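Under this note's numbering, residues 416 to 941 are what the sequence shown spells out, in order. By construction, the Cβ of each residue, glycine as well, lies at the ideal position given by its N, Cα and C atoms. This structure is a prediction, so every number in the text was calculated from the model and none was measured. What follows is a set of notes on a single structure, which appears directly below.
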Amino acid sequence: MPVATESAHELKELPLNAQLALAARCARRVVNLFRLEPNHPELATCLKAVGAAIRITELLAGGNEVEPAELAHAEEGTVRAVVAASEMQPPNERAAYAANSAYAALCAAKAALESQHGQADGDAIDRFVEAVQIARDSAASADDRIERAVRLDREMLSRMFLGSFPDFGEPLDASETGMLGPLFQDLSRGLGSPHQPGAADGKDKSKTSGTSRTRLRKVSEIEATPQASATPAQLAEIETQRRQIEAERLQVQTERARLATDRTAFDEMKRQLEAAKADSDRQRAQEQQQRERIEAERHVLNAKTGDLDEARRSIENERQRAIEESARLAADRATLEGKVQALRESQLAADEQRQRLADDAAQLDLDREQFRRTCEEFEQHRQALDGRELMIAARRSSLDARHSELDTWQAGLNSRQAEIESRRAEIDTRQAEIDSRRAGLDARQIQLDLHETSLAEQAAELDASRKHFDDEMQTARVQLEAEWNESRAAIDAERNEVRAAFESLQNERREFLEQRLAWKPESPQS
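Written out as structure tokens, the structure is:
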């Protein structure tokens, strides 16, 4: 903790733009260490977000304007990059530290932007300094060379007259082409890096320079001796040393020219590599845009496929409901057939009652004939009038009972007629209900046709299934209409039979009443 406190105090010696430049350079030094699994679904998005976070920080350090929406989008992507790098298996701490450094630099840029627009609270400056410190510490944890590079940057920034904390100070270019120079100073000096073209030549040059200095020292020693004591051998050696020094000087000049040529070629190669990298970045961006466009088209196709599946399910549901409606109509038809059978049984019972009434009428005729004969016998046998009168009174009582029974049967017939009328009304109601259901089925068929038409406009692939469904619906409708017509014909036939039976009963009742009115018992005096 004391080190962190000292670092915070050191950072507060610099203005805000200088600290932003320091944080951006720290994140830029370790950005190449950020990586995810090759098959990670958000690899390209995370790389783009990390690069955008560093670029936004550099823009703010240079005094440029940044859109808050762009900063928010970069922040969201950088958070996903930090999470993805932290969840790698096996763990990669350097990638996680690199992502965290970029995110901390972006947080510092966000705090600076809020402070610039007057939206920050009293702790905004402390959060800014803390974010810069986290960006530096995360980069140092990812690469051991960061600490020395950051120290050199801080020393250079402290020597510049950029302003004072907590002001923003002068804008500063944080890139390698700016005043701070390359990100790693030791990589541009040719001090033994095996990957740089001029490293071996530098070693040979150092060795040659050391030999030349030795020889020059020897020549100086020889020249320092008095000329009187110089021997011819020493003079010859001096001349030889001079020739060698001249030759080595020419060799050094040649090597310098060759090094300059190599450096020019290296710079040209570097520019070509940078151009190739820029082309690769553009191609990668184009591929990313094409991938995003393909992904968007795939989402649209998935949505359309979902709509078609939903429409297909809706058609299947309508078809299932039509089948259920057909089954319900079949059940209703079975119920009507049961009721018709009950009416037939009632008609048979009425026929039996009518037969019994006919038998009773025949018996009544027989009784009437017997009564006539009895009257004739009464005329012939007046002497037995009292006894015969009693018998006639008894017969009259029997006839009255028969009349009462006939009245009862008449009432039963009337109630049966009322029941038949009620059942007829019920049959008419059922017929109306069937007509209503048929109208509902026709309306539902119209709705299905409209729905199928709209589906045909959306997807041509459903034409075959719709035609098949139309054929099935037409077959089902024809079957339903045929069954309905058969049921209606059967009901009409049963209704006609019931009407005929009712008219027959009416005729019989009329005849019976006429016979009853026509029949009058003869008075005893006659």
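Judged by beta-carbon spacing, L429 lies within the 9 Å limit of L572, meaning their Cβ atoms are closer than that value.
With three or more CB-CB distances shorter than 8 Å, the region 863 to 875 counts as touching the region 722 to 738.
If you look at A589, you'll find it isn't in any alpha helix (DSSP H); DSSP assigns it neither H nor E. For T493, the enclosing alpha helix (DSSP H) starts and ends at 483 to 501. Our two residues, R845 and E820, have alpha carbons roughly 37 Å apart in a direct line. Contact between the region 725 to 737 and the region 877 to 888 is present: 3 or more CB-CB pairs across the two stretches fall below 8 Å. Between the alpha carbons of E739 and A840 lies a distance of about 27 Å. Annotated three-state conformation of Q504 is coil, per DSSP. Judged by pairs of C-beta atoms under 8 Å, the region 493 to 510 does not touch the region 524 to 532, as fewer than three such pairs exist.
The Cβ atoms of P581 and G478 do not sit closer than 9 Å to each other.
The three-state secondary structure of D538, taken from DSSP, is coil. Annotation for K463: the continuous alpha helix (DSSP H) segment containing it runs 458 to 476. At a Cβ-Cβ threshold of 9 Å, A496 and E457 count as neighbours.
It is roughly 15 Å from the alpha-carbon of Q889 to the alpha-carbon of W899. In the three-state DSSP reduction, T646 falls in the coil class, being neither helix nor strand. Rounded to the nearest angstrom, the gap between the Cα atoms of E663 and P647 is 24 Å. A contact between stretches requires three or more CB pairs, one per stretch, nearer than 8 Å, and the region 435 to 446 meets this requirement with the region 548 to 555. In the three-state reduction of the DSSP assignment, N900 falls in the helix class, which pools H, G and I. Beyond the five residues adjoining it in sequence on each side, F449 comes within less than 6 Å, by CB distance, of V465, A510, A513, A514 in the same chain, given in chain order. Collapsing the DSSP output to three states places M888 in a helix. Between R444 and D552, the CB-CB gap reaches or exceeds 9 Å. Around L474, the same chain offers V481 as residues with beta carbons nearer than 6 Å, after the five sequence neighbours per side are excluded.
Taking C-alpha positions only, F786 is separated from S761 by approximately 36 Å.
Inter-residue distance for Q668 and A675 is about 10 Å (C-alpha atoms, whole angstroms).
In this structure, L758 sits away from I849, with a CB-CB distance that is not shorter than 9 Å. Judged by DSSP in its simplified three-state form, G584 adopts coil rather than helix or strand. Under the three-state reduction of DSSP, L828 is assigned to helix. Remark: C-beta atoms of D775 and R817 approach each other more closely than 9 Å.
Check the Cα spacing between D780 and each of D801, L814, L751, G753: the tightest is with L814. In the three-state reduction of the DSSP assignment, A874 falls in the coil class. When C-beta atoms of the region 912 to 924 are compared with those of the region 822 to 837, three or more pairs fall below 8 Å, so the two segments count as touching. Just so you know, the alpha carbons of E570 and A564 end up roughly 10 Å apart.
Here F543 carries a helix assignment [DSSP, helix/strand/coil]. Using a Cβ distance threshold of 9 Å, R910 and L856 do not count as a contacting pair.
In this structure, the CA atom of L928 is about 12 Å from the CA atom of W824. Linking V494 to D677 through their CA atoms gives a straight-line distance of about 44 Å.
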